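J.: I'd like to ask you about the structure that follows.
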Amino acid sequence: MAASGGGWAAAFLVRAAALQAPASPAPDTPAPQVPGAPPPQLVITGGGAQRFAVPDCIPRKGDEASREACRALTQVLRNDLRFEFSAAQFVQENLFTAIPALNPDAPNFEDWRGIGAEVLVITRAEVAGAELTVELKVHFVGTGQAMLAKRYSGKADNPRVFAHQASDDIMTLTPYKGVARSKIAFVSDRDGGKGRATKELYIMDYDGFNPRRVTVNRSMNILPAWSPDGRSLAYISYRQGAPEVFVAHIFEGRSSNLTGGKGGQSFAPAFSPDGKRIAFASSRSGNMEIWVANADGTGARKVTSSAAADTAPVWSPTGLEIAFTSDRGGTPQIYVMDAEGLNVRRLTTVGNYNDAPAWNPAKQWSEIAYTSRLEGAFRIAVVDLATRQVRQITEGRGSCEYPSWAQNGRHLTFACNRRGTWQISVSDREGRTVQALSAGSGNNVMPDWGP
Amino acid sequence: MDWRRTLTFVSVAVVLFLIGSGCGSKRKPVIATASGGSGGAARPGPATTPAEPEPVDAGPDVRSLDEGAYTTGDFPVSDPTTGEGGPLEDIHFGYDQATLTEEARAILEKHALWLQNQRDAKVIVEGHCDQRGTVEYNLALGDQRARAAHDYLASLGVAQDRMKVVSYGKERPIDTSLTEAGYAKNRRAHFQVGR
Chain P
36 MAASGGGWAA AFLVRAAALQ APASPAPDTP APQVPGAPPP QLVITGGGAQ
86 RFAVPDCIPR KGDEASREAC RALTQVLRND LRFEFSAAQF VQENLFTAIP
136 ALNPDAPNFE DWRGIGAEVL VITRAEVAGA ELTVELKVHF VGTGQAMLAK
186 RYSGKADNPR VFAHQASDDI MTLTPYKGVA RSKIAFVSDR DGGKGRATKE
236 LYIMDYDGFN PRRVTVNRSM NILPAWSPDG RSLAYISYRQ GAPEVFVAHI
286 FEGRSSNLTG GKGGQSFAPA FSPDGKRIAF ASSRSGNMEI WVANADGTGA
336 RKVTSSAAAD TAPVWSPTGL EIAFTSDRGG TPQIYVMDAE GLNVRRLTTV
386 GNYNDAPAWN PAKQWSEIAY TSRLEGAFRI AVVDLATRQV RQITEGRGSC
436 EYPSWAQNGR HLTFACNRRG TWQISVSDRE GRTVQALSAG SGNNVMPDWG
486 P
Chain Z
8 MDWRRTLTFV SVAVVLFLIG SGCGSKRKPV IATASGGSGG AARPGPATTP
58 AEPEPVDAGP DVRSLDEGAY TTGDFPVSDP TTGEGGPLED IHFGYDQATL
108 TEEARAILEK HALWLQNQRD AKVIVEGHCD QRGTVEYNLA LGDQRARAAH
158 DYLASLGVAQ DRMKVVSYGK ERPIDTSLTE AGYAKNRRAH FQVGR
């Protein structure tokens with residue numbers, strides 16, 4: 036980041052506060068349980084998946100601020116839950132008018148069971164001054180049992196954060212960590228004016244809202260990569276002429292240059308899963324090779340040795356292997372090697388142009404997403420490492436490229452150009468729910484999904 | 008086949024004799040060449056002392072390299088804001104190629120002469136790609152293109168500390184028309200000249 040003084044750093048700290056979760060909730064009301072029974076679980080897919088009903092939030096007071104907070108909370112929570120679970124799991128809201136209104140203090144479970152709900156999500160909200168308080172209760176309709184009870188308090192100016200927190204807390208009832216509070220970093224050219232085109236880094240909520248600019252140096256800033264703890268963003272900046280690896284410590288308002296003075300150019304940084312090392316591509320030895328350094332840039336060593344171009348390194352979930360792109364076979368393909376550079380083997384066998392590997396970080400799925408040119412257009416593809424079967428995530432008009440996995444491995448983000456501009460898109464890992472996010476103006480590319 | 012081989016041998020011998028005697032060549036070899044082809048003239052005998060620099064014949068494509076011939080200070084530079092323009096024209100590449108064409112080499116030879124005459128000029132050799140292809144592989148391809156141009160200039164005698172190599176991949180196209188002609192313009196090495 037340009038060290039342009041305290042004003043800029045202060046602006047950053049304000050952003051940092053906004054990025055954090057609202058004030059910690061009051062203690063849970065423990066769910067009444069049969070002694071010795073396992074904690075109640077929500078099933079997220081498949082035959083046992085329960086049907087949800089998410090009625091409108093009920094304001095605790097009649098004032099407009101509380102009612103408006105409830106409306107925003109309801110809409111965002113429904114979107115979050117439909118993203119995590121499948122849309123088919125939700126009882127249609129227009130059926131709610133067929134039963135008596137919800138009494139939040141004594142829910143009429145019989146009525147809700149009658150319209151097919153198995154899980155009932157009840158929310159209440161109240162605005163007092165500048166403070167918003169939200170209560171969440173989740174019940175199994177069959178037994179009336181409360182599975183979850185939470186209270187959140189914080190500033191009233193951002194009800195979306197409360198809904199995201201509620202969705203993530205509901206996800207604690209499943210085997211998966213929720214993504215509603217996660218952020219996607221990306222690159223946009225929206226700030227370019229006359230003269231030199233600029234590309235700056237942005238961070239937005241996973242649903243495309245609240246894009247915030249991260250770099251302000253009016254040069255080219257590309258290829259963002261989150262650290263595993265979500266507190267740093269590595270990226271490539273041309274602000275000093277040649278492209279170098281920088282790391283923005285976004286909650287501390289400072290950044291460091293990891294590769295300056297070493298010669299050549301650097302691209303494609305990627306933190307290891309334990310956050311202690313960083314892989315990147317560098318031409319300092321004369322051609323583009325993969326290098327690995329400590330996360331502070333010290334101890335850099337070259338791990339590929341091929342006259343071909345090697346780039347786009349990514350780590351396996353164990354941190355023991357690296358996948359990368361190489362044209363050593365004549366065309367760009369995905370290869371895998373040990374993190375020390377031994378045992379290089381080619382992974383992709385379909386298509387003559389494969390680039391940008393992204394290794395699913397969830398250990399239960401052993402697969403790598405990548406960009407593949409198929410029938411003349413670029414598609415997001417996923418290869419299963421055990422079976423080597425390839426499935427296509429995107430299809431249709433235009434091209435998509437540059438996949439990045441959510442931390443729980445259930446979704447991907449990537450950039451697509453369907454109608455002339457590039458937009459950040461997301462999909463579940465099967466490619467059934469591809470949708471574009473509205474991340475703002477310009478061409479928006481190179482997404483990286485943070486924790 | 009014997010007579011053919013004999014004929015070839017004789018031809019080669021004749022050519023070598025002609026080169027060795029300095030006939031068939033109207034000018035001395037340039038001090039540094041890329042391939043060393045025409046520079047492979049036979050040397051004088053081992054016992055001779057190094058000769059004084061011999062005067063270079065005048066000719067349309069010969070430039071004097073002695074010290075007084077270059078200029079300092081005022082020369083045109085590329086636009087400092089955009090990096091575009093400047094006194095050294097772009098060279099272009101085939102689709103998915105980083106090898107120099109004959110035309111590119113000819114242009115680079117002119118650039119090397121210009122740089123030898125403007126000793127204060129520095130140049131950033133930029134590698135660019137067209138908008139097809141992917142982000143990361145295009146950054147690598149742009150690097151290969153820029154290095155091909157840089158290495159050829161270095162082999163022609165341009166000092167490496169005057170040059171930097173930067174790849175922009177497909178991130179900074181000069182033509183956004185998305186046509187074949189536009190793509191061809193974007194597959195280039197650009198020479199950003201500064202002081």
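Protein sequence lines, in the order shown, are assigned to chains P and Z. So for the first sequence, this note's numbering puts the first residue at 36; every next one is plus one. So for the second sequence, this note's numbering puts the first residue at 8; every next one is plus one. The beta carbon of each residue, even a glycine, is placed where N, CA and C say it ideally should be. None of the values given here were measured: they were computed from a predicted structure.
1) Which one of P:Ser340, P:Lys398 and P:Trp400 has the shortest CA to CA distance from Met372 (chain P)?
2) When the Cα of Lys192 (chain Z) is compared with those of Z:Gly134, Z:Asp127 and Z:Pro94, which residue comes out closest?
3) Determine which residues of the stretch 121-147 of chain Z have a Cβ less than 8 Å from any Cβ of chain P, and write them out in chain order.
4) Closest Cβ-Cβ distance between Ala220 (chain P) and chain Z: below 8 Å?
5) Does the beta carbon of Asp97 (chain Z) come closer than 8 Å to any beta carbon on chain P?
6) What residues in the stretch 169-201 of chain Z have a beta carbon less than 8 Å from any beta carbon of chain P?
7) Using DSSP with H/G/I as helix, E/B as strand and the rest coil, what is Asn138 (chain P)?
8) Could one say the Cβ of Pro482 (chain P) lies closer than 8 Å to chain Z's Cβ atoms, at least one of them?
9) Does the stretch 111-123 of chain Z come close enough to the stretch 176-192 of chain Z that 3 or more CB-CB pairs lie under 8 Å?
10) Which class does Asp63 (chain P) belong to by DSSP, given the choice of helix, strand or coil?
11) Would a C-beta distance cut-off of 8 Å place Val130 (chain Z) and Val200 (chain Z) closer than the cut-off?
12) How about Asn252 (chain P) and Arg274 (chain P): are their beta carbons less than 8 Å apart?
13) Is Glu187 (chain Z) buried or exposed, if buried means 16 or more other CB atoms sit within 10 Å of its CB?
14) Pro203 (chain Z) to Gly288 (chain P), Cα distance in whole Å?
15) Please report how far the alpha carbon of Phe175 (chain P) lies from the alpha carbon of Phe87 (chain P), in whole angstroms.
16) Can you list the residues of chain Z that Thr109 (chain P) reaches, using a CB-CB cut of under 9 Å?
17) Alpha helix (DSSP H) containing Leu447 (chain P): first to last residue?
18) Less than 8 Å separating the beta-carbons of Pro139 (chain P) and Leu167 (chain P)?
19) Roughly how many angstroms separate the alpha carbons of Ser267 (chain P) and Leu293 (chain P), rounded to a whole number?
20) Kindly indicate if chain P contains any beta-carbon less than 8 Å away from that of Gly101 (chain Z).
21) What distance in whole Å lies between the Cβ atoms of Arg426 (chain P) and Ala416 (chain P), which are believed to be in contact at a cut-off of 8 Å?
22) Would you mind listing the alpha helix (DSSP H) stretches within the stretch 119-204 of chain P that are 4+ residues and don't spill past its ends, in chain order?
23) Should Leu382 (chain P) and Ala358 (chain P) be called a contact, given that it needs their Cβ atoms to be closer than 8 Å?
24) Using a Cβ-Cβ cutoff of less than 7 Å, which residues in the same chain neighbour Ala303 (chain P) once the five nearest sequence positions on both sides are dropped?
25) Give the range of the beta strand (DSSP E) segment to which Glu356 (chain P) is assigned.
26) State the Cα-Cα distance for the pair Ser254 (chain P) and Leu185 (chain Z), rounded to the nearest angstrom.
27) For the alpha helix (DSSP H) containing Arg126 (chain Z), list its first residue and its last residue.
28) Does chain P have any CB closer than 8 Å to the CB of Gly93 (chain Z)?
29) Please identify, using Cβ separations under 7 Å, the residues of the stretch 73-104 of chain P that lie next to chain Z, in order along the chain.
30) Where do the ends of the beta strand (DSSP E) carrying Asn378 (chain P) lie?
31) Starting from Thr106 (chain Z), find everything on chain P with Cβ-Cβ shorter than 8 Å and list it in chain order.
32) So that I know if they touch, is there some Cβ in chain P lying closer than 8 Å to that of Gln167 (chain Z)?
33) Say whether the stretch 391-401 of chain P touches the stretch 352-370 of chain P, bearing in mind that this needs 3 or more beta-carbon pairs closer than 8 Å, one atom from each stretch.
34) Locate the beta strand (DSSP E) running through Leu409 (chain P), then write down its first and last residues.
35) Below 8 Å, can you find three or more Cβ-Cβ pairs linking the stretch 476-486 of chain P to the stretch 221-241 of chain P?
36) Provide the residue span of the beta strand (DSSP E) that contains Asp463 (chain P), from first to last.
T.: So, to answer that:
1) With distances taken between Cα atoms, Met372 (chain P) lies closest to P:Ser340.
2) Nearest in C-alpha terms to Lys192 (chain Z), of all of Z:Gly134, Z:Asp127 and Z:Pro94, is Z:Gly134.
3) The residues in question are Ile131, Gly140, Thr141, Val142, Glu143, Tyr144, Leu146 and Ala147.
4) Closer than 8 Å: no.
5) Using a Cβ-Cβ cut-off of 8 Å, Asp97 (chain Z) does not count as an interface residue toward chain P, since no Cβ of chain P sits closer than that to its own.
6) Sequence-ordered contacts of the stretch 169-201 of chain Z with chain P read Lys171, Val172, Val173, Ser174, Tyr175, Glu178 and Arg179 [C-beta pairs closer than 8 Å].
7) Asn138 (chain P) sits in coil when the DSSP states are folded into three classes, being neither helix nor strand.
8) Chain Z contact via Cβ: absent.
9) Look at the beta carbons and you see the stretch 176-192 of chain Z not touching the stretch 111-123 of chain Z: under three pairs across the two are nearer than 8 Å.
10) In this predicted model, Asp63 (chain P) has a pLDDT of only 36, less than 50, meaning its place in the structure is not dependable enough to derive any value.
11) Yes, these two residues count as a Cβ contact at 8 Å.
12) Cβ distance < 8 Å, so Asn252 (chain P) and Arg274 (chain P) count as in contact.
13) By the neighbour-count rule (16 or more Cβ atoms within 10 Å), Glu187 (chain Z) is not buried but exposed.
14) Coverage of chain Z is limited to positions 8 through 202, which leaves residue 203 (chain Z) absent and any answer about it impossible.
15) Spanning the two alpha carbons is a distance of roughly 10 Å.
16) Chain Z residues near Thr109 (chain P): none, gap ~39 Å exceeds 9 Å.
17) DSSP places Leu447 (chain P) in no alpha helix (DSSP H) but in the uninterrupted beta strand (DSSP E) bounded by His446 to Asn452.
18) Between Pro139 (chain P) and Leu167 (chain P), the CB-CB gap reaches or exceeds 8 Å.
19) The straight-line gap from Cα to Cα measures roughly 13 Å.
20) Gly101 (chain Z) does not count as touching chain P.
21) Correct: roughly 7 Å between the Cβ atoms.
22) List check, alpha helix (DSSP H) in window: 144-149.
23) Going by C-beta atoms, Leu382 (chain P) is nearer than 8 Å to Ala358 (chain P).
24) So the qualifying residues of the chain are Leu258, Phe315, Ala316, Thr346, Ala347 and Pro348.
25) Counting along the chain, the beta strand (DSSP E) containing Glu356 (chain P) begins and ends at Glu356 to Ser361.
26) For Ser254 (chain P) and Leu185 (chain Z), the distance between alpha carbons rounds to 24 Å.
27) Neither: Arg126 (chain Z) is in no alpha helix (DSSP H) and is coded neither H nor E.
28) Output row for Gly93 (chain Z): interface = no.
29) So the list is empty, because no residue satisfies the distance condition.
30) Note, Asn378 (chain P): premise wrong, no beta strand (DSSP E); not H, not E.
31) Near Thr106 (chain Z) there are no residues of chain P at all, since even the closest Cβ is about 14 Å away, more than 8 Å.
32) Judged by the 8 Å Cβ criterion, Gln167 (chain Z) is not in contact with chain P.
33) Cβ pair count under 8 Å is three or more, so yes.
34) Counted as a single uninterrupted DSSP element, the beta strand (DSSP E) harbouring Leu409 (chain P) occupies residues Glu402 to Leu409.
35) Verdict: yes, contact present.
36) That run of the beta strand (DSSP E) goes Trp457 to Asp463.
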